[in-house]
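This report concerns only the one structure given below.
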Amino acid sequence: MKFYQYIHRDSAVHRLDPRAKLLWLLLFSSIVFITQNEGLVLAIFGLTLLFAALAKLPKGQIWENTKFFVILMPIAYLVLYFLLLGISAEAFWGSLVFSARFLVLIFASVIFTMTTSTRDLMLALSKLKLPYSFVFMLTVAIRFIPVIMAEINNVICAQKVRCYNPELKWNSPVESMKRFVPILIPVLMLLLKRANELALSVESRAFNPKGKVTYPERLKFRAWDWAFTLAIIGLFLFVLWA
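Here it is in structure tokens:
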């Protein structure tokens, strides 16, 4: 699974203001857990998939980022409901709806990260009047996630070349922790080195989070952004009222 991998496409979803997409993510994720209407939950799940189609994202990449949850969650909740309610159509339907609630959250998050660059996210959070030091820290943390994953993969490959078997033993937690130490220590050393290089780079550019911050690009709500935002807010208010 690749975390926060932005994929550029010429689509209506990509052209949406990142603040509108952030609101969509928060409200859709809230609606599926607020409402008790099972049909509405499945409808929201369908709208989320439609949103993914409108974004023109590669289906293979979406599947790669969500397959763990798509496979595991329905099975886990199906077993749980069968244990609680017995094997019945009611238990099957309940597990399906409950899985859909969490899958909306997963798919919406993946769609948001794949259609919103870190630059746009930084602009959106700054426009929301969040402290710039927090926005900068969050953006750097997000950019570091792929670096961390790549470093872990490189260290594992290097250890395998040395005939070391890093596979974890789930039946022996202590043994698994011991096996992970030769991976963890080199990764931590590499990340500390990267963090030090980043600190030097920021310092050399006279970074001051308390100073006036300017951007080469500015965000501006257009008619499509307003229409989309009002529709999402209207749906949320309807669910609260219902």
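Under the working numbering, think of the first position of the sequence shown as 14, with each following residue one higher.
For every residue, glycine included, the Cβ atom is placed at its ideal position computed from N, Cα and C.
Model, not experiment: these values are computed from the prediction.
Out of the options, point me to the one whose CA is closest to residue i's CA.
i, options, result
"residue 75", "125, 98 and 48", "125"
"residue 112", "25, 18 and 51", "51"
"residue 148", "196, 122 and 135", "135"
"residue 248", "120, 211, 56 and 102", "56"
"residue 223", "253, 146 and 88", "146"
"residue 160", "236, 97, 205 and 234", "205"
"residue 199", "168, 219, 191 and 212", "168"
"residue 155", "132, 240, 197 and 141", "132"
"residue 210", "79, 157 and 59", "157"
"residue 166", "153, 152 and 193", "193"
"residue 153", "98, 103, 191 and 212", "212"
Start and end of the alpha helix (DSSP H) containing residue i?
i, result
"residue 170", "145 to 174"
"residue 219", "Where residue 219 is concerned, there is no enclosing alpha helix (DSSP H), given that its DSSP letter is neither H nor E."
"residue 236", "236 to 254"
"residue 78", "72 to 98"
"residue 34", "31 to 47"
"residue 133", "131 to 140"
"residue 122", "102 to 128"
"residue 25", "25 to 28"
"residue 66", "51 to 67"
Assuming residue i and residue j make a contact with CB atoms under 8 Å, what is their CB distance in whole Å?
i, j, result
"residue 23", "residue 238", "Not really, about 17 Å apart at Cβ, beyond 8 Å."
"residue 83", "residue 116", "7 Å"
"residue 142", "residue 232", "Going by Cβ atoms, the distance from residue 142 to residue 232 rounds to 13 Å, so no, they are not a contact pair."
Looking only at its own chain, which residues have a Cβ that is under 7 Å from the Cβ of residue i, when we skip the five neighbours before and after it?
i, result
"residue 26", "64, 67, 68 and 128"
"residue 90", "108, 111 and 112"
"residue 195", "172 and 177"
On the criterion of 16 or more Cβ atoms from any shown chain inside 10 Å, does residue i qualify as buried, or is it exposed?
i, result
"residue 94", "buried"
"residue 164", "buried"
"residue 34", "buried"
"residue 245", "buried"
"residue 123", "buried"
"residue 175", "exposed"
"residue 121", "buried"
"residue 92", "exposed"
"residue 41", "buried"
"residue 219", "exposed"
"residue 32", "buried"
"residue 236", "exposed"
"residue 78", "buried"
"residue 138", "buried"
"residue 202", "exposed"
"residue 86", "buried"
"residue 208", "exposed"
Return the chain-ordered list of same chain residues with a C-beta closer than 8 Å to the C-beta of residue i, the five sequence neighbours on each side being excluded.
i, result
"residue 43", "249"
"residue 20", "70, 71, 74, 127 and 128"
"residue 241", "29, 33 and 37"
Apart from the five residues just before and just after residue i, which ones in its own chain have a Cβ nearer than 6 Å to its Cβ?
i, result
"residue 48", "252"
"residue 45", "54, 57, 114 and 117"
"residue 291", "Past the edges of the chain, shown from 14 to 255, lies residue 291, and the structure says nothing about it."
"residue 100", "none"
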